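What follows is a short report on a single structure.
And the structure:
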């Protein structure tokens, strides 16, 4: 990443918008890095709780949008194991910080993925239900309608509602 190279900082792999800097930053380096990132439309996150919230969001987004199938395990167990933290702690922190629950954020992401898959028109609703690990098509349909106000089939038929919410705005 040119911004880090320009500041002479050493860093590990860049992954999901996250970079781990290998050395301790001086206050001047910290300020300069923050300014450099801001010019690129990025943000320096050095608050451990904020980083954890972003990590939770990234795990959910990657699981829902970039995996072939949502894992067939209990989501709270999956998140706890992935982060090596108690789910109750994660849920409380997420709710206090974002004003919504992890479960609601997960549902919103799933609904956005359903919209995407419906618009691609490559899978039928049963295949989408299976891929996103819904217990049934009826469960997927009721959750979709509760969030969007539309049934999946009606959503697919109408054009004016085919706009998706950018992932960063969820």
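Numbering (the working numbering), first residue to last: 109 to 278. All C-beta atoms in this analysis are idealised placements derived from N, C-alpha and C, irrespective of residue type, glycine included. Quantities reported herein were computed from a predicted structural model and do not represent experimental measurements.
Are the beta-carbon atoms belonging to residue i and residue j less than 9 angstroms from one another?
{"i": "residue 240", "j": "residue 210", "result": "no"}
{"i": "residue 202", "j": "residue 159", "result": "no"}
{"i": "residue 225", "j": "residue 236", "result": "yes"}
{"i": "residue 164", "j": "residue 115", "result": "no"}
{"i": "residue 167", "j": "residue 219", "result": "no"}
{"i": "residue 133", "j": "residue 112", "result": "no"}
{"i": "residue 250", "j": "residue 233", "result": "no"}
Give me the DSSP bridge partner(s) of residue i.
{"i": "residue 119", "result": "129"}
Assuming residue i and residue j are in contact, meaning their beta carbons sit under 8 angstroms apart, how far apart are those beta carbons, in whole angstroms?
{"i": "residue 117", "j": "residue 129", "result": "6 angstroms"}
{"i": "residue 252", "j": "residue 214", "result": "Their Cβ separation, rounded to whole angstroms, is 14 angstroms, which puts residue 252 and residue 214 out of contact at 8 angstroms."}
With distances taken Cα to Cα, identify the nearest neighbour of residue i among the options.
{"i": "residue 177", "options": "238, 263, 249", "result": "238"}
{"i": "residue 151", "options": "136, 131, 172, 127", "result": "127"}
{"i": "residue 193", "options": "157, 277, 179, 171", "result": "157"}
{"i": "residue 265", "options": "185, 250, 229, 120", "result": "229"}
{"i": "residue 276", "options": "137, 173, 200, 155", "result": "173"}
Classify residue i as buried or exposed, calling it buried when 16 or more other Cβ atoms lie within 10 Å of its own Cβ.
{"i": "residue 242", "result": "buried"}
{"i": "residue 260", "result": "buried"}
{"i": "residue 262", "result": "exposed"}
{"i": "residue 223", "result": "buried"}
{"i": "residue 221", "result": "buried"}
{"i": "residue 169", "result": "buried"}
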